[in-house]
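K.L.:
Protein chains in written order, with the numbering used here: chain A, 326 to 574; chain B, 3 to 247.
1. What does a CB cutoff of less than 6 Å around residue 463 (chain A) pick up in its chain, not counting 5 residues either side in sequence?
2. Since residue 115 (chain B) is in the alpha helix (DSSP H), which residue starts that stretch and which ends it?
3. For the segment 519–534 of chain A, which residues have a CB atom closer than 8 Å to at least one CB atom of chain B, in sequence order?
4. Using 8 Å as the threshold, is the C-beta distance between residue 167 (chain B) and residue 571 (chain A) below it?
5. Closer than 8 Å, Cβ to any Cβ of chain B: which residues of the segment 499–516 of chain A, in chain order?
6. Under a Cβ-count criterion, where at least 16 other Cβ atoms within 10 Å of its own Cβ denotes burial, should residue 160 (chain B) be classed as buried or exposed?
7. By the criterion of Cβ-Cβ separation under 8 Å, what are the contact partners of residue 183 (chain B) in chain A?
8. Between residue 114 (chain B) and the rest of its own chain, which residues show a CB-CB distance below 6 Å, the 5 nearest in sequence each way excluded?
9. Quick check: the Cα distance between residue 481 (chain A) and residue 547 (chain A), rounded to an integer number of angstroms?
10. Which runs of the alpha helix (DSSP H) fall wholly inside the segment 424–478 of chain A and span at least 4 residues, in chain order?
11. Pull up the DSSP beta-bridge partners for residue 50 (chain B), would you.
12. Where does residue 543 (chain A) fall in DSSP's three states?
13. Can you name the residues of chain A whose CB is closer than 8 Å to the CB of residue 161 (chain B)?
14. Interface residues of chain B around residue 564 (chain A) at Cβ under 7 Å?
15. Please confirm whether residue 561 (chain A) and residue 499 (chain A) have their CB atoms less than 8 Å apart.
16. What residue range does the alpha helix (DSSP H) around residue 491 (chain A) cover?
17. Given this structure, state the Cα-to-Cα distance separating residue 139 (chain B) from residue 351 (chain A), to the nearest angstrom.
18. Among the residues of its own chain, which have a CB less than 6 Å from the CB of residue 495 (chain A), if the five just before and after it don't count?
19. Answer yes if the segment 86–94 of chain B comes into contact with the segment 169–183 of chain B, meaning at least three C-beta pairs across the two stretches below 8 Å, and no otherwise.
20. Residues of the segment 134–158 of chain B with a CB closer than 8 Å to any CB of chain A: list them in chain order, please.
21. Any beta carbon of chain B sitting closer than 8 Å to that of residue 468 (chain A)?
22. Can you look up residue 130 (chain B) in the DSSP assignment and give me helix, strand or coil?
23. In whole angstroms, give me the CA-to-CA distance for residue 568 (chain A) and residue 503 (chain A).
24. I need the DSSP call for residue 155 (chain B), collapsed to helix, strand or coil.
25. In or out: residue 559 (chain A) buried (at least 16 other Cβ within 10 Å) or exposed?
26. So the alpha helix (DSSP H) residue 10 (chain B) belongs to, where does it begin and stop?
27. Listed from N- to C-terminal order along the chain, which residues in the segment 171–182 of chain B have their beta-carbon within a distance smaller than 9 Å of any beta-carbon of chain A?
28. Pick helix, strand or coil for residue 346 (chain A), following the three-state DSSP scheme.
29. State the CB to CB distance for the pair residue 35 (chain B) and residue 217 (chain B), rounded to an integer number of angstroms; the pair is presumed to be in contact (CB under 8 Å).
30. Would you mind working out which of A:549, A:375, A:529 and A:466 sits nearest residue 411 (chain A), comparing C-alpha positions?
31. Locate the alpha helix (DSSP H) running through residue 376 (chain A), then write down its first and last residues.
32. Establish whether the CB of residue 560 (chain A) and some CB of chain B are separated by less than 8 Å.
33. Answer yes or no: do residue 78 (chain B) and residue 106 (chain B) have a C-beta to C-beta separation smaller than 8 Å?
34. Does residue 195 (chain B) pass the burial test, meaning 16 or more other C-beta atoms within 10 Å, or should it be called exposed?
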């Protein structure tokens with residue numbers, strides 16, 4: 326009982342030891358940081374899985390010139406939309422990895438028992454997910470944008486909109502991923518749940534990118550995207566923690 | 003005065019019998035109101051000076067669109083009540099709402115599209131109201147899909163309840179973002195019809211229809227709720243008494 330069972334979960338022994346205030350052992354912030362570190366370390370040891378959504382993003386972007394036309398003038402018209410649809414689908418694809426492994430090996434159960442607020446740990450997991458998929462997507466977006474004929478002046482706007490928008494997408498997606506835990510072949514259902522909720526992000530993100538491509542000010546839609554992200558940060562971890570708890574019952 | 007009435011709301015046999023008794027009180031007025039409103043709307047109301055007789059589809063379209071949102075709200079409130087107070091009957095209410103709401107949404111979409119063909123010259127227009135309605139249909143389908151995918155009934159209840167609550171937070175955001183998106187992209191050539199200013203002979207059948215649809219929804223909900231309770235409580239002993247009498 327006295328030995329720590331899992332070094333990543335300092336709250337566990339406090340809870341098992343019957344301490345009156347399990348939070349004395351580790352603060353929420355400390356626990357969240359440990360979860361974030363753990364997820365990053367695990368993901369970086371499996372780089373192949375990390376690259377998949379990025380490759381998917383590149384392939385979807387490539388489909389449009391092949392399907393529509395190779396003329397850059399025509400592609401520029403639809404570039405913002407294509408980029409955002411591709412980013413939305415790529416981040417959807419990456420959601421499956423968010424909780425699945427941790428649900429199978431019992432880590433989520435340990436989190437729920439750790440005595441730490443599950444909401445904080447969910448937030449840390451989602452933050453790790455964004456760092457591993459949203460941020461790389463934002464960094465890759467200029468490449469895709471240039472290939473679709475977007476002018477180089479528009480790149481800061483595109484990177485900013487994808488970076489901020491994927492924060493909201495990761496948070497919305499974390500709810501969907503938590504709700505579909507334990508369902509076999511949940512891929513299509515996850516899309517059906519997540520995509521309608523993600524539409525505002527798509528609308529404002531594509532709008533910001535489009536304005537950037539036309540050389541106009543993209544501040545207004547970017548601020549709306551940021552508002553969606555902040556709303557997601559406040560509410561989404563609560564919902565995904567509730568969903569995870571239900572799936573563990 | 004005590005709180006027993008409130009606690010009895012959580013008792014399936016009580017709710018089952020209550021639903022049985024209440025159904026005719028909603029079903030008959032609903033039928034009367036809908037028939038009267040149809041007569042008022044299709045016969046008594048004068049044709050619109052701009053749209054002719056085509057506007058009359060509003061008597062089905064607008065109430066159906068209104069109900070699609072109201073049913074979603076009812077479902078989310080029932081889901082929240084069920085999550086907070088762990089009330090089994092409230093889960094059954096939320097589960098019964100979803101197919102009714104989805105049907106109203108389909109009705110609103112189909113009538114909107116039928117109206118759009120003669121008025122806008124196209125079956126489908128990316129109008130903000132039509133688009134939000136379509137998204138609402140996907141929200142309903144997602145809810146029903148999630149409920150259907152989970153085998154354990156209690157987990158299905160609670161998981162889909164979380165989704166319903168998340169959905170209701172998002173409905174206004176989706177609605178406003180779609181409106182905003184549309185106002186930026188709307189081609190100016192399309193005839194834009196603002197909120198119709200209806201005269202009294204046109205308005206009263208609409209209000210009657212709205213009330214009729216609401217009562218109809220409650221009646222169908224009560225019937226579905228009884229079915230839902232029967233399935234959930236099929237191993238309980240009180241079911242035998244109910245079924246045999």
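Just so you know, even glycine gets a beta-carbon here, dropped at the ideal spot from N, CA and C.
P.N.:
Taking the structure as given:
1. 484, 487 and 488
2. 90–122
3. 520, 521, 522, 524, 525, 528, 529 and 532
4. no
5. 500, 504, 505, 507, 508, 511 and 514
6. buried
7. 528 and 532
8. 63 and 132
9. 12 Å
10. 432–438, 443–454 and 460–472
11. B:54
12. coil
13. 504, 568, 571 and 572
14. 164 and 168
15. yes
16. 480–504
17. 45 Å
18. 451, 454, 455 and 459
19. no
20. 137, 140, 141, 143, 144, 147, 148, 151, 152, 156 and 157
21. no
22. helix
23. 6 Å
24. helix
25. exposed
26. 6–10
27. 171, 172, 175, 176, 178, 179, 180 and 182
28. Note on residue 346 (chain A): pLDDT 49, under 50, position unreliable in the model; the coordinate value appears next. DSSP places residue 346 (chain A) in coil when its eight states are reduced to three.
29. 7 Å
30. A:466
31. 372–392
32. yes
33. no
34. Here residue 195 (chain B) scores only 49 on pLDDT, less than 50, and its place in the model should not be relied on; the value that follows carries that caveat. Exposed.
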